[in-house]
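Colleague: In the numbering used here, the protein residues as written are 18 to 277.
Next comes the structure, spelled out in structure tokens:
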């Protein structure tokens, strides 16, 4: 069995991933930025020629890049956010080779995501936000897709996942502002300066979706999160009803986990 742990930022996904992995000997937890057979968040996705170009551009990081690179056919996946370096511009440079945030034409994007679902053949995996979060955010914020278009994509995703053994565990946030207050505090430096939230606001404000509808700021971001959660719960109910379970964020018990 494999598990996809999904939910909004601050809903407790990392905690439940750890708890499930502790209950399943030999399981592998895949978190954002790790190499994943199903998802590409925080990873550069390039062909062999571009990969050689990157190695040549950053000779001082060659060993680290090679260590964090995985081959899939003609493609190379670089887990660049796992490379700790102060080389100017390295992370920003490699971010342009991610497939999300509208960087990839939709037909190519859809083909990449669905083909990786079809090819995935590992077991005992626990994936953190690898099915909904980054793909749904891409489609809402950068492609301005309607809910129906996004639901349609996940109908194709369900078909691509046919024959796989998996469960989706969704953590529903009852208090989205409260969850965000917690994560804002957790992702601050030792002096209390927020590190994550200003970037999240910037990311949202600069998105084509926010610009199209004139949205900006914290209240608009909260409305977006509520909309995203409602949409993801709809996808669970309509497309994955037999493959999913919903827990209240931080309100589940060890008995609930045992039933998985």
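Each residue gets a CB set at the ideal place from its N, CA and C atoms; glycine is no exception. Computed from a predicted model, the values in this text were never measured in an experiment.
The beta strand (DSSP E) that contains residue 142, what's its start and end?
Modeller: The continuous beta strand (DSSP E) containing residue 142 extends over residues 142-145.
Colleague: Alpha carbon to alpha carbon, how far is residue 76 from residue 236? Give it in angstroms, no decimals.
Modeller: 44 Å
Colleague: On the premise that residue 249 lies in contact with residue 153, defined as a C-beta separation below 8 Å, what is that separation, rounded to the nearest angstrom?
Modeller: 6 Å
Colleague: Specify the secondary structure class of residue 265 as computed by DSSP and reduced to three states.
Modeller: strand
Colleague: Which ranges does the alpha helix (DSSP H) cover as unbroken runs of at least 4 residues, wholly within the region 139-180, from first to last along the chain?
Modeller: 150-154 and 164-177
Colleague: Within its chain, find whatever has a CB closer than 7 Å to the CB of residue 242; leave out the 5 residues flanking it on each side and keep chain order.
Modeller: 25 and 193
Colleague: Count the other CB atoms, across all protein chains shown, that sit within 10 Å of the CB of residue 47; report buried if there are 16 or more and exposed otherwise.
Modeller: Its Cβ being crowded by 16 or more others within 10 Å, residue 47 is buried.
Colleague: Span of the beta strand (DSSP E) holding residue 278?
Modeller: For residue 278 there is no data in the structure shown, the boundaries of the chain being 18 and 277.
Colleague: Can residue 183 and residue 19 be called in contact, C-beta distance under 7 Å?
Modeller: Less than 7 Å divides the Cβ of residue 183 from the Cβ of residue 19.
Colleague: Judging by CA-CA distance, which residue of 158, 258, 132 and 172 is the nearest neighbour of residue 224?
Modeller: 158
Colleague: Could you name the residues of the same chain whose beta carbon sits closer than 6 Å to that of residue 139, not counting the 5 residues immediately before and after it, in chain order?
Modeller: 54
Colleague: So the candidates are 208, 121, 133 and 172; which of them puts its Cα closest to the Cα of residue 56?
Modeller: Ranking 208, 121, 133 and 172 by Cα distance to residue 56 puts 133 first.
Colleague: For residue 205, does the three-state DSSP call read helix, strand or coil?
Modeller: strand
Colleague: With three or more beta-carbon pairs closer than 8 Å as the criterion, would you say the region 168-177 touches the region 225-234?
Modeller: no
Colleague: Determine the DSSP secondary structure at residue 112, reduced to helix, strand or coil.
Modeller: helix
Colleague: Between residue 61 and residue 123, which are expected to be in contact by the criterion C-beta below 8 Å, what is the C-beta distance as a whole number of angstroms?
Modeller: Between residue 123 and residue 61 the Cβ distance is about 20 Å, and since that is not below 8 Å, they are no contact.
Colleague: Got a sec? Which residues, its chain only, sit under 7 Å from residue 49 by beta carbon, not counting five neighbours each side?
Modeller: 58, 59, 145 and 146
Colleague: Can you tell which of 90, 81 and 207 has the C-alpha that lies nearest to the C-alpha of residue 96?
Modeller: 81
Colleague: Return the first residue and the last residue of the alpha helix (DSSP H) that residue 248 is part of.
Modeller: 234-256
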